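Numbering (UniProt numbering), first residue to last: 1 to 251. The beta-carbon is built from N, C-alpha and C at its ideal position, and this holds for glycine as well. The structure presented is a predicted model; accordingly, all values stated were derived computationally and were not measured. A quick write-up on the structure given underneath.
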């Protein structure tokens, strides 16, 4: 298991007030111009496209399922039904990642959560402009570090839990938990409760290297499995990329 990294310096980007203000601006912009759906984080690195491509490889390997499979196996008495994979997007923002998944042919239930209520309003407003195939993409105001995950929306956990920059923001928070730890310390345990056994946690970060992400998440109920490929560069004798995407499997 990789060593846990040192904490980052705190920043305004780790506060709810910052994100409420940011999404209030994006909501205002969208209201004025529906073509302006807001920021797509890590777009310059093509992170969203690489996450989608990685998930496609899991579908090709029959690990995940883009659509329901209700075919009857020859000689079987009962229909062997496989439901499409369920997705949870942590820190969903404007919901763009979930909308992209739906556009890419993933038909399962999708839930986006964010601790900013303005984010949820923005995502819902954007969804309202889309077709009926987006109706079961749901958004909820939920603080993963303080809220209790329970109820119908959680079910037995999700087949895939997504994080594109959310842990990065949490890592910049100066808040501490009841144990006196920086709140980032409790994120892995919170994520574990949301991932179905045998499911995947796919995280994209620009604040942490691959080894550092492993240090935060590889352990407990999450086991490092694979990574998405990004162009690399060499600086100071070290090779790496500006963004990394890692996949962990839930024990």
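- A straight line joining the alpha-carbon of residue 91 with that of residue 168 spans about 11 angstroms.
- By the neighbour-count definition (other C-beta atoms within 10 Å, threshold 16), residue 207 is a buried residue.
- Taking C-alpha positions only, residue 174 is separated from residue 22 by approximately 19 angstroms.
- DSSP, read as helix, strand or coil, puts residue 160 in strand.
- The criterion of a C-beta distance shorter than 8 angstroms is not satisfied by residue 195 and residue 142.
- Contact between the stretch 123 to 139 and the stretch 105 to 114 is established, with three or more Cβ pairs separated by less than 8 angstroms.
- With fewer than 16 neighbouring CB atoms inside 10 Å of its own CB, residue 129 falls in the exposed class.
- The stretch 75 to 131 is shown to contain whole beta strand (DSSP E) runs of 3 or more residues at 87 to 90 and 110 to 114, in chain order.
- Burial of residue 96 is indicated by the presence of at least 16 other C-beta atoms within 10 angstroms of its C-beta.
- Secondary structure at residue 186: helix, using DSSP grouped into helix, strand and coil.
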